[in-house]
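Each residue of the sequence shown is one higher than the one before, counting from -14 in my numbering. Have a look at the structure below, then the notes.
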Amino acid sequence: PHNEVSILPSKCVSNIKTLNLKHNSRTAECYILSDLCEIRPYMNDFSTVVHLKLDSECTITPFVFNQLLTMAPCLTRLTISSFPDHLYKMIDFLYPQIRWLDLRRVYISSKIRTKFCSAFPNLEHLMNCHVYSEEDLEVLIENLKYLQNITIHNQAYYFDSNDEFDQWLRKHTHLKNFTFKLINERQIQLWINN
């Protein structure tokens, strides 16, 4: 059994846990997977896929992603390393199956934060999330009802101390039982006990 596929195998493989889609090209173009037929010759059973990783030069259309979710009932983790406009196209749809989301190059701006929360209503883990303001963080915490932990990179605002962040959380969110670590003045790891 294979745990991860990131290059095209010479024969059809099965029992894949992590599907890592990469685009190896010298051009600056991003590859868009627009049809599952493109990977079916290499992988005919998606039922064991738990984690989909989209490399920085590779993305997937919302239609194909929804097809993949239907064929991969165990798919609950998504890593997006591609450009922000690819995520922006995806948030017009609903992905309740996704529980773990790792965003590598995407800012959740005030324009999309509510749609983002609606698109991923059952998120429990949100990693490498970039926001422009503390208000963006507040909206995420208040609207992602199942959130258990979040790693935030705050672009515009920073917290000087643990006390300042603790007071801010208690004043601006419903959270009562939480633990956090200020990794640096702009990066925070927050664990929530609901």
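We treat Cβ as the ideally placed atom computed from N, Cα and C, and that holds for glycine.
Option in the options with minimal Cα separation from residue i
i, options, result
"K130", "F150, E109, N147 and D121", "E109"
"F48", "R98, K74, R25 and L111", "K74"
"I76", "M56, R62 and C102", "C102"
"N178", "H159, H36 and S19", "H159"
"L60", "F50, H36 and K156", "H36"
"K2", "E170, F78 and R62", "R62"
"L21", "N51, S(-1) and E42", "N51"
"I180", "V91, L53 and S32", "Residue 180 lies beyond the stretch modelled for the chain, which goes from -14 to 179, so this question has no answer here."
"F78", "L86, D87 and T46", "T46"
"I168", "Q152, Y143, W153 and L125", "Y143"
"I24", "L53, E42, S41 and T64", "L53"
Run of the beta strand (DSSP E) containing residue i, from where it starts to where it stops
i, result
"L160", "No beta strand (DSSP E) holds L160; DSSP gives it neither H nor E."
"C43", "C43 to I45"
"L37", "H36 to L39"
"M28", "Where M28 is concerned, there is no enclosing beta strand (DSSP E), given that its DSSP letter is neither H nor E."
"L111", "H110 to V116"
"I17", "Y16 to L18"
"I214", "A query on residue 214 cannot be resolved here, the shown segment of the chain reaching from -14 to 179 and no further."
Simplified DSSP state of residue i, which is helix, strand or coil
i, result
"Q174", "strand"
"L154", "helix"
"N51", "helix"
"I(-8)", "Model confidence at I(-8) stands at a pLDDT of 49, short of 50, so the residue's coordinates are unreliable; what they give is reported in the following sentence. Of the three classes helix, strand and coil, the one that applies to I(-8) here is coil, per DSSP."
"P(-14)", "For P(-14), the predicted structure reports a pLDDT of 37, less than 50, and the residue's modelled location is therefore unreliable. The matter cannot be settled from this model."
"N5", "strand"
Whole-angstrom C-beta distance between residue j and residue i, which should lie under 8 Å
i, j, result
"S66", "R84", "About 19 Å separates the two Cβ atoms, so there is no contact after all."
"Q174", "F163", "Not really, about 11 Å apart at Cβ, beyond 8 Å."
"Y117", "S146", "Not quite, the Cβ-Cβ distance comes to about 22 Å (not below 8 Å), so this is no contact."
"A104", "Y80", "6 Å"
"I17", "T44", "5 Å"
"D121", "R98", "5 Å"
Residue i, enclosing alpha helix (DSSP H) - first and last residue
i, result
"T99", "R98 to A104"
"I226", "This structure cannot settle anything about residue 226, because the visible part of the chain is limited to -14 through 179."
Just to confirm the assignment: which complete beta strand (DSSP E) runs, minimum length 3, are found wholly within the region 55 to 94?
62 to 65 and 85 to 88
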